[in-house]
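Peer 1: In our numbering, the protein residues as written are -17 to 179.
Even for Gly, the Cβ is constructed at its ideal location relative to N, Cα and C.
#1: With a cut-off of 8 Å on the beta carbons, I'd call residue 136 and residue 103 a contact; round off their distance for me.
#2: With a threshold of 6 Å on Cβ separation, who are the neighbours of residue 115 within its own chain once the five nearest residues in sequence on each side are excluded?
#3: By how many angstroms is the C-alpha of residue 138 removed from the C-alpha of residue 70?
#4: What is the DSSP secondary structure of residue 83, reduced to helix, strand or coil?
#5: Assuming residue 21 and residue 54 are in contact, meaning their beta carbons sit under 8 Å apart, how far apart are those beta carbons, in whole angstroms?
#6: Contact defined as beta carbons within less than 8 Å: I believe residue 52 pairs with residue 73. What is the distance between those atoms, to the nearest angstrom?
#7: Assess, as a yes-or-no matter, whether the region 117 to 132 is touched by the region 145 to 159 under the definition of 3 or more beta carbon pairs within less than 8 Å.
#8: Verify whether the separation of the beta carbon atoms of residue -14 and residue 50 is less than 8 Å.
#9: Would you report the Cα separation of residue 62 and residue -6, rounded to the nearest angstrom?
#10: What are the boundary residues of the alpha helix (DSSP H) that residue -6 is part of?
#11: Please work out which residues of its chain come closer than 8 Å, Cβ to Cβ, to residue 24, disregarding the five sequence neighbours upstream and downstream, and give them in chain order.
#12: Please return the same chain residues whose Cβ sits closer than 6 Å to the Cβ of residue 164, not counting the five positions on each side in sequence.
#13: Are the C-beta of residue 28 and some C-beta of chain C separated by less than 8 Å?
#14: For residue 36 and residue 60, I'd like the C-alpha separation in whole angstroms.
#15: Would you mind listing the beta strand (DSSP E) stretches within the region 32 to 57 that are 3+ residues and don't spill past its ends, in chain order?
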């Protein structure tokens, strides 16, 4: 395994560690009902989060890796990003020929600081510059206006609305599908104007 290590102006993206600290951080993230409100699953218990970290490490060790679930840390929190406590999760899931789905979720206390836009930029760099992908897609709950702003701020374009794409707590919900192609990616430093989360 070649570990993923990405660094932006304020954040780093790294592999998860099989440590109590990373499990606790994932539980703080996925155990929060407000954080999981727009995700396809509800709040998770600590044991489920420990199982998830183990799964992430197995995925990272796959001979032909197709899933990248990565910890997001703040550079200000430790001298080495590898030592910092995760404040979010970034993901790329390869899907088809040179294509992937992108995802990002941050702990509630870090919303509204532009961190999500930075994470999406780092993932785009990984996808287009390192993995040589051609297309990135992202599904967003229709009610998740903040994530829509993040994606459009990074140049993603709306492809359409997926009707009854999710089923959670006995209710069907719609999603928007956004995409970005390699030749539309202006590079890691570029960002379209507009607020992000």
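Peer 2: Quick look at the numbers:
#1: 6 Å
#2: 80, 82 and 109
#3: 21 Å
#4: strand
#5: Their Cβ separation, rounded to whole angstroms, is 15 Å, which puts residue 21 and residue 54 out of contact at 8 Å.
#6: 7 Å
#7: yes
#8: yes
#9: 10 Å
#10: Careful: residue -6 lies outside any alpha helix (DSSP H), inside the beta strand (DSSP E) at -7 to -4.
#11: 15, 18, 150 and 151
#12: 110 and 116
#13: The chain inventory of the structure shown lacks chain C, comprising one protein chain alone.
#14: 24 Å
#15: 49 to 56
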